[in-house]
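In full-length UniProt numbering, the protein residues as written are 1 to 388.
Have a look at this one:
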């Protein structure tokens, strides 16, 4: 769950928008397809201080403005940019196929896009090979956004994984669609009948949450999660890297992560990468767990032998247990990529404040992965906080 402050709060005067990292399809919006090691400022396709939300998918990127406009760029092979064609786009371009709808949030999957309008309607475009667009009898792909008619109640949050998507309604009900989790579920749960929401190509209510009110949904490549109004985090799906905090290889139904995993504090926000998760609690503590081989967790892990000696009653590996990152205490903004993270520390609250990076596509002078959080660079001011 990522807070969406007003433009005046998030990006004051002097704001700027920067991009760096992989750029094979022009997803950085810089007008070319060359990878970029150091942050480069984007040209003003919109006023940076009006940027509300930035989201990326497998090879495409989206920017939502404070006025509800949607700008897109990058890979468009399946029409995931919603522009009415399938040509890649190298610069951020406004999506004019929305029929006047103002966009509140966008979730980008691998090759599809889910859009939430300000009035709570959900639109989708891109590949539909696995039913990830949520449209009954839909085509294999859709190049313009179309409404998901089966979501009749107002939606407040959407999420997109590799080949599945989720939505949470205003009453706290969660729906899932797309068959991306079904094959691994059948393989890892032999003899079990999978719940309909794991195999449906249209929105299907997630069962096992009858006493919960969801306020946010999350999606990894092959797992799903939700945050409730009581500060509880539920997870289900694939558990190859311990991201679901259990020993089971696959969880077909939602499983609550016990509160002691977060030092008995309520979770107020959560984010998901492809195979790892990040959560922030009511006192500002930041916890990470899941896949760690690229440094996604921002901490050095104990060896399996040391872990067993110190935790004799625990059969879970160290990466499957949420652990705090003290250097990110009180982070004001956090975002997860597939295998890396970004966090913003308020410089007025923390003497080492600034933009911190974890793993992968991190701004540095070489291609080495970062295991521990490190400050991005000194060229950013506190006012230049939006990062693509």
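Glycine included, each C-beta is placed from N, C-alpha and C at the ideal position.
Counting along the chain, residue 188 sits inside the alpha helix (DSSP H) bounded by residues 182-188.
Nearest C-alpha to residue 236 among 120, 230, 229 and 220: 220. When C-alpha distances from residue 346 are compared across 293, 332 and 85, the shortest belongs to 332. Note that the segment 154-170 does not touch the segment 186-194; fewer than 3 beta-carbon pairs, one per stretch, sit closer than 8 Å.
A direct Cα-Cα distance of roughly 14 Å separates residue 282 from residue 260.
Assignment of residue 260 by DSSP, reduced to helix, strand and coil, places it in the helix class. In this model, residue 139 and residue 105 are separated by some 24 Å (Cα to Cα). Of the candidates 256, 300, 87 and 111, the residue whose Cα lies closest to the Cα of residue 232 is 256. The Cβ atoms of residue 199 and residue 214 lie no closer than 8 Å to each other.
For residue 334, the beta-bridge partners assigned by DSSP are 343. Going by C-alpha positions, residue 278 is about 20 Å away from residue 250. Beta-bridge pairing by DSSP links residue 36 to 21. The Cβ atoms of residue 46 and residue 72 lie no closer than 8 Å to each other.
Between residue 110 and residue 58 the beta-carbon gap is near 4 Å, inside 8 Å, which marks them as a contact. Each of 107, 262 and 181 was checked against the Cα of residue 131, and the nearest Cα belongs to 181. Judged by beta-carbon spacing, residue 170 lies beyond the 8 Å limit of residue 148, meaning their Cβ atoms are not closer than that value. Assignment of residue 164 by DSSP, reduced to helix, strand and coil, places it in the coil class.
Taking a C-beta distance under 8 Å as the contact criterion, residue 38 and residue 19 do not qualify as a contact pair.
In terms of Cα proximity to residue 120, the closest of 207, 290, 68 and 230 is 68. Taking C-alpha positions only, residue 151 is separated from residue 204 by approximately 9 Å. Exposure of residue 264 is indicated by the presence of fewer than 16 other C-beta atoms within 10 angstroms of its C-beta. Of the residues assessed, residue 163 falls on the buried side of the cut-off, its CB having 16 or more other CB atoms within 10 angstroms. Here the alpha carbon of residue 323 sits roughly 38 Å from the alpha carbon of residue 92.
Residue pairing by DSSP puts residue 53 in a beta bridge opposite 64. Of 183, 175, 100 and 168, the smallest CA-CA separation from residue 146 is found for 100. Secondary structure note for residue 102: it is in no beta strand (DSSP E), with a DSSP letter that is neither H nor E.
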